[in-house]
Amino acid sequence: MNSNEHDAKWVSQFLASRRSTRDFLPTPVPQEILDQILTDSLTAPSWSNTRPFKVAIATGDVRDRISNEFLSRWGVLSKIMRKGVKNKLRLLYSRYGLPTSNRTIVKPYVAELRPRAQRVGKELYELFGVKRGDREARDKQWGKNYAFFGAPVELFIYIHKSLHVYAASDAGLMMQNLMLSAHAHGLGTCAQGAVNIWDDAI
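Mapping of the sequence shown onto the numbering used here: position 104 corresponds to residue 104, and the numbering continues sequentially without gaps.
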């Protein structure tokens, strides 16, 4: 095996070894490592090298404040959604807990994608010991999204609205670089769409 083949094999193995992490240690990430990860993320291609995104970093007290607000809102929303119409009307009146994002949060999966999503969801909740139909346990597990799964660093990615899907594509490329760089530094990551529901809490 020549050096190019060896390098290619190593890259393939490295890419395949990345996983989404949903249980983090609270160990702080040194600033120099975080800086290097962000630097690596910027080597991703973007349209005309515009880099139409921004990264907001939350650690320490700021991270905890955002997480606590998310958890508070999820606590209200999840309990009411398990109850009757009267409580749901009360939620509509108070507004606290309702999504505040100006983006469509969830759309039904198209038929060709639904089986894959259902399978991974089933396997994930089985791994966590959540039984089918146990809505309270499912909501509790989902709430861990808003504790950021215990991660000491939370990154919020914003895109420039003028470029629409092109900016989202560029941000996705950047995020892949970011997560792979974190992996190379021995750090886990998890891309979260769940935190998009209450943008005014950030």
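The beta-carbon is built from N, C-alpha and C at its ideal position, and this holds for glycine as well. Because the structure is a prediction, the values reported are computed rather than measured.
{"query": "CB-CB length for Pro108 against Thr27, believed under 8 Å", "result": "Contact doesn't hold; Cβ gap of about 39 Å is too wide."}
{"query": "Residue nearest to Thr39 in terms of C-alpha spacing, selected from Leu180, Ala191, Gly193 and Glu112", "result": "Leu180"}
{"query": "Residue from His185, Phe24 and Ile157 whose Cα sits closest to the Cα of Gly193", "result": "Ile157"}
{"query": "Secondary structure of Ile159, DSSP reduced to three states", "result": "strand"}
{"query": "Own chain partners of Leu187 with C-beta closer than 7 Å, once the 5 adjacent residues on each side are dropped", "result": "Val29"}
{"query": "Close beta carbons around Ala201, own chain, < 8 Å, minus the five adjacent residues each side", "result": "Ile66, Glu69, Phe70, Arg73 and Thr100"}
{"query": "Ser20 (DSSP reduced to helix, strand or coil)", "result": "strand"}
{"query": "CB contact flag (Leu41, Met174, <8 Å)", "result": "Note that residue 41 corresponds to Ser in the displayed sequence, not to Leu. Contact: yes."}
{"query": "Where Glu154 falls, given that 16 or more other Cβ within 10 Å makes a residue buried", "result": "buried"}
{"query": "Host beta strand (DSSP E) of Phe53 (start-end)", "result": "Phe53 to Thr59"}
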